[in-house]
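When we follow this note's numbering, the leftmost residue of the sequence shown carries the number 2, and every step to the right adds one.
For reference, the structure discussed in these notes is given below.
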Amino acid sequence: MTRDRIYEKMTEIFRDVFDDESIVLSDETTADDIEDWDSLEQINLLMAIENNFGIKFRLADVSGLENVGAMVDLVQRLVG
Numbered sequence: 002m003t004r005d006r007i008y009e010k011m012t013e014i015f016r017d018v019f020d021d022e023s024i025v026l027s028d029e030t031t032a033d034d035i036e037d038w039d040s041l042e043q044i045n046l047l048m049a050i051e052n053n054f055g056i057k058f059r060l061a062d063v064s065g066l067e068n069v070g071a072m073v074d075l076v077q078r079l080v081g
């Protein structure tokens with residue numbers, strides 16, 4: 002799956018999880034950039050990503066994610 006396609010799907014997921022159609026993602030987007038992105042929403046977000054892409058994260062994979070770019074890279078590796 003291309004990085005652009007992952008970004009399209011991730012944008013849909015973020016907008017759905019945070020109920021905000023104005024979200025625009027970039028590689029540098031972090032939790033500080035999205036108002037309601039806290040630890041609980043992080044769990045909801047990761048579960049939504051897993052469900053949408055048919056993948057399963059390991060704690061070691063997600064514990065060091067610093068931004069959306071790293072998240073997209075991880076999804077791309079897991080999707081194959």
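All C-beta atoms in this analysis are idealised placements derived from N, C-alpha and C, irrespective of residue type, glycine included.
Predicted model only: the values in this text are computed from it and were never measured.
If you reduce the DSSP assignment to three classes, tell me which class residue i lands in.
i	result
R68	Looking at the sequence provided, one finds Asn at residue 68 rather than Arg. Correct three-state label for N68: coil.
S23	coil
F54	helix
If you draw a straight line from the C-alpha of residue i to the C-alpha of residue j, how long is it?
i	j	result
I44	E9	20 Å
V18	I50	10 Å
L26	D37	15 Å
T30	L60	21 Å
Measure the Cβ-Cβ separation of residue i and residue j and say whether it is below 8 Å.
i	j	result
V73	I24	no
D28	V69	yes
F58	L47	yes
Are the stretch 62–81 and the stretch 3–16 touching by the rule of at least three beta carbon pairs closer than 8 Å?
-> yes
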